[in-house]
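Per the UniProt record's numbering, residue 1 is the first one in the sequence shown, and the count goes up by one each step.
C-beta atoms are modelled at their ideal positions from N, C-alpha and C, and glycine is treated no differently.
Note that the structure is a prediction, hence the values are computed from the model and not measured.
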Amino acid sequence: MARENRTQMFPLEWRASSSLAGVYALRMLGMFLVLPVLALYAATLPGADNNKALVGLAMGMYGLTQACLQLPLGMASDRFGRKKVIYVGLIVFAAGSFIAAAADSLEMLVVGRAIQGAGAISAAVTALLADLTRDEVRTRAMAMIGLSIGLTFSVSLVLAPVLAGLIGVPGLFVLTGILTLISIGVVAWMTPNPETSKLHEDAEAQPSRISEVLKNKQLLSLDFGIFALHAAQMALFTTLPFALVELGLFKEQHWKIYLPTTIIGLVVMVPLIIIGETRNKLKQIFIGGIACIAVAPIGLFFSLHSVWLITLLLVVYFIGFNVLEASLPSMVSKISPPDLKGTAMGVYNTLQSVGLFTGGAVGGLLFQQYGFNGVFTFCTVLMLLWIIIAFYMPAPKPVKNIAFTIPESQRNHTEALRNELSALSGVESVSFSIDKQTVFIKALQKGFDAAAAEQIISGVNHVIIK
1 MARENRTQMF
11 PLEWRASSSL
21 AGVYALRMLG
31 MFLVLPVLAL
41 YAATLPGADN
51 NKALVGLAMG
61 MYGLTQACLQ
71 LPLGMASDRF
81 GRKKVIYVGL
91 IVFAAGSFIA
101 AAADSLEMLV
111 VGRAIQGAGA
121 ISAAVTALLA
131 DLTRDEVRTR
141 AMAMIGLSIG
151 LTFSVSLVLA
161 PVLAGLIGVP
171 GLFVLTGILT
181 LISIGVVAWM
191 TPNPETSKLH
201 EDAEAQPSRI
211 SEVLKNKQLL
221 SLDFGIFALH
231 AAQMALFTTL
241 PFALVELGLF
251 KEQHWKIYLP
261 TTIIGLVVMV
271 PLIIIGETRN
281 KLKQIFIGGI
291 ACIAVAPIGL
301 FFSLHSVWLI
311 TLLLVVYFIG
321 FNVLEASLPS
331 MVSKISPPDL
341 KGTAMGVYNT
351 LQSVGLFTGG
361 AVGGLLFQQY
371 GFNGVFTFCT
381 VLMLLWIIIA
391 FYMPAPKPVK
401 NIAFTIPESQ
411 RNHTEALRNE
421 LSALSGVESV
431 SFSIDKQTVF
441 IKALQKGFDA
451 AAAEQIISGV
461 NHVIIK
């Protein structure tokens with residue numbers, strides 16, 4: 001383990017990781033900035049009179065086009081080049097942002113949001129990062145992107161109401177477009193060009209193997225989880241800002257609610273995740289996170305008369321949300337076969353986008369027909385159903401995924417390698433990349449002899465992929 005920790009990123013890898021994390025952050029900043037204020041703004045546009053359903057559609061529409069195009073654009077990057085697809089995606093996203101900024105009707109805002117979602121570059125960015133990093137440091141590089149997204153979300157919730165008061169929601173969309181155009185420059189001038197591009201099974205989706213992921217009940221339960229989590233999130237943000245305004249809290253003041261709730265949620269999440277991972281309590285922490293999300297809408301049934309009660313319930317909500325956002329990808333990694341990890345994450349990310357669309361569309365429709373309680377009932381039912389599914393799902397084994405580079409002399413002897421490696425203590429599964437250059441091992445976190453595995457594969461270096 002110590003040797004793995006000493007593996008350092010090369011300067012080129014640092015440049016690739018930091019620049020692409022910055023691109024993700026700039027793009028997601030624009031997306032998240034409008035989240036807490038968009039519903040209130042959309043309700044003021046022509047065409048919004050008594051049409052909360054269309055307001056909800058404006059909130060979630062980008063999720064639909066993102067879900068439809070995320071994997072196809074990743075595949076396109078294999079054929080036409082990573083950076084070319086990223087450029088096109090960023091230009092489309094910027095165009096959608098400017099259209100949304102200029103929208104003079106609710107229908108035009110929906111169109112702008114749909115075009116924003118069509119700039120779905122996440123799969124292409126992941127593929128480019130995989131091309132630019134060694135196996136030994138790829139997990140760390142991917143973690144930098146994940147961290148940038150999480151921090152951007154929290155910062156956006158606090159900044160959005162303040163910025164909206166200064167430049168308005170159209171100004172936020174303009175800012176989003178400008179940040180996206182800056183991202184193009186970051187990719188062009190700061191992100192290195194890969195010497196070669198190839199399929200990385202641990203990072204990229206393989207469309208021909210999606211059916212294998214869909215047959216895995218444990219992975220499907222996690223896919224439902226990320227769908228439910230983001231459907232509930234979008235439904236709540238489609239309605240809750242209206243409740244705060246009704247209590248006399250102008251949208252410019254909503255940061256006073258979001259700042260303490262997001263900070264407390266992040267601070268509490270860290271030790272909970274550490275306990276879950278190190279003490280093999282991940283399932284218990286996971287179910288506890290779902291319970292927190294369920295408590296929030298149930299409590300809101302009785303709390304819309306009090307800003308303080310709403311704030312307290314949002315603290316509980318963000319504790320659960322942050323725990324689940326951190327633990328869900330980890331559980332996908334533990335459960336999926338190592339050579340299908342990229343495919344499993346591709347399906348997972350697609351269901352997340354579907355959840356965003358569903359939450360906005362269904363949340364808006366229920367808000368129009370049944371008011372706040374209709375939305376809170378929707379969120380509660382989703383969470384209770386998820387708790388039942390999670391309760392009966394087996395706890396993930398305390399495993400790690402390890403990748404070894406196979407020497408050229410050994411690439412014609414993969415079956416012999418498989419047999420020898422499978423016989424090692426703690427090994428759960430062994431699989432190989434399509435080009436036979438990498439062997440993926442899923443092994444128990446305790447009891448696996450990595451040095452023995454290295455000897456079998458002629459002493460090559462290895463990497464833990466979480």
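Residues near residue i by beta carbon distance below 6 Å, same chain, minus five either side
i: Ala-120; result: Gln-66, Leu-69, Gln-70, Leu-73
i: Pro-170; result: Ala-101
i: Leu-157; result: Pro-36, Tyr-258, Thr-262
i: Phe-173; result: Ser-97, Ala-100, Ala-101
i: Gly-447; result: Ser-425, Gly-426
i: Phe-153; result: Phe-32
Contact check, residue i vs residue j, beta carbons under 8 Å
i: Val-427; j: Val-439; result: no
i: Pro-338; j: Asn-401; result: yes
i: Met-144; j: Ser-19; result: no
i: Val-125; j: Leu-219; result: no
i: Ala-25; j: Leu-106; result: no
i: Ala-130; j: Ala-203; result: yes
i: Asn-193; j: Phe-301; result: no
i: Ala-16; j: Leu-132; result: yes
i: Gly-355; j: His-230; result: yes
i: Asp-135; j: Thr-405; result: yes
i: Trp-255; j: Val-315; result: no
i: Phe-287; j: Ile-387; result: According to the sequence provided, residue 287 is Ile. The question's Phe does not apply to it. Contact flag set, yes.
i: Phe-367; j: Lys-83; result: no
i: Ile-226; j: Leu-351; result: yes
i: Val-399; j: Ala-443; result: yes
i: Met-108; j: Ala-228; result: no
i: Gly-117; j: Leu-64; result: yes
i: Val-213; j: Val-23; result: no
i: Val-375; j: Thr-278; result: no
i: Tyr-87; j: Ile-184; result: yes
Alpha carbon of residue i to alpha carbon of residue j, nearest angstrom
i: Ile-285; j: Ser-409; result: 45 Å
i: Leu-33; j: Val-155; result: 9 Å
i: Glu-4; j: Ser-208; result: Any reading at Glu-4 must be qualified, since the residue scores a pLDDT of 43, below 50, and its modelled position is unreliable; the value itself is stated next. Their backbone Cα atoms lie some 33 Å apart in a straight line.
i: Ala-232; j: Ile-457; result: 47 Å
i: Leu-40; j: Leu-249; result: 12 Å
i: Trp-14; j: Gln-8; result: 9 Å
i: Ile-335; j: Gly-165; result: 45 Å
i: Gln-445; j: Ser-148; result: 27 Å
i: Ile-293; j: Arg-79; result: 41 Å
i: Leu-45; j: Gly-364; result: 15 Å
i: Lys-341; j: Ala-235; result: 30 Å
i: Arg-27; j: Leu-272; result: 29 Å
i: Ser-122; j: Val-323; result: 22 Å
i: Leu-38; j: Gly-346; result: 28 Å
i: His-200; j: Ser-433; result: 8 Å
i: Ser-353; j: Ser-327; result: 18 Å
i: Asn-461; j: Ser-77; result: Reliability fails at Asn-461, whose pLDDT of 42 lies under 50, so the model's placement of it is uncertain and no value is given.
i: Ile-290; j: Ile-310; result: 18 Å
i: Arg-113; j: Glu-420; result: 53 Å
i: Gln-455; j: Ala-403; result: 14 Å
i: Ala-141; j: Ala-344; result: 19 Å
i: Leu-12; j: Met-190; result: 10 Å
Residues of its chain near residue i, where Cβ-Cβ distance is below 7 Å and the 5 sequence neighbours each way are ignored
i: Ala-452; result: Leu-424
i: Ala-2; result: Legend: pLDDT at Ala-2 = 39, less than 50; position of this residue unreliable, value from coordinates given subsequently. Nothing meets the Cβ criterion.
i: Leu-181; result: Ala-94
i: Val-92; result: Ile-115, Ala-118, Gly-119
i: Ile-275; result: Lys-281, Ile-285
Collapsed DSSP secondary structure at residue i in the structure displayed
i: Asn-349; result: helix
i: Ile-389; result: helix
i: Phe-318; result: helix
i: Val-137; result: helix
i: Phe-250; result: coil
i: residue 483; result: Absent from the model: residue 483. The displayed extent of the chain is 1 to 466, so no value can be given.
i: Lys-436; result: coil
i: Val-34; result: coil
i: Lys-84; result: helix
i: Ile-406; result: coil
i: Ile-441; result: strand
i: Ser-306; result: coil
8 Å Cβ cutoff, residue i in contact with chain B
i: Phe-378; result: Annotation note: the requested chain B is absent from the structure, which comprises a single protein chain.
Chain-order list of residues whose beta-carbon lies under 8 Å from that of residue i (same chain, five-residue window excluded)
i: Asp-104; result: Leu-45, Pro-46
Exercise for the section: Check whether the stretch 242–251 touches the stretch 407–415, taking contact to mean three or more Cβ pairs, one atom from each stretch, closer than 8 Å. Expected result: no
Exercise for the section: Check whether the stretch 278–298 touches the stretch 393–400, counting contact only when three or more Cβ pairs, one atom from each stretch, lie closer than 8 Å. Expected result: yes
Practice task
Inspect the CB distances between the stretch 297–310 and the stretch 378–388 and report whether three or more fall short of 8 Å.
Solution key: yes
Problem - Contact between the stretch 343–359 and the stretch 54–61 (3+ Cβ pairs under 8 Å) - result: yes
Handout entry: At least three beta-carbon pairs within less than 8 Å, the stretch 176–193 to the stretch 83–103
Key = yes
Practice task
Determine, using beta-carbon pairs with one atom in the stretch 315–324 and one in the stretch 253–268, whether at least three such pairs fall under 8 Å.
Solution key: yes
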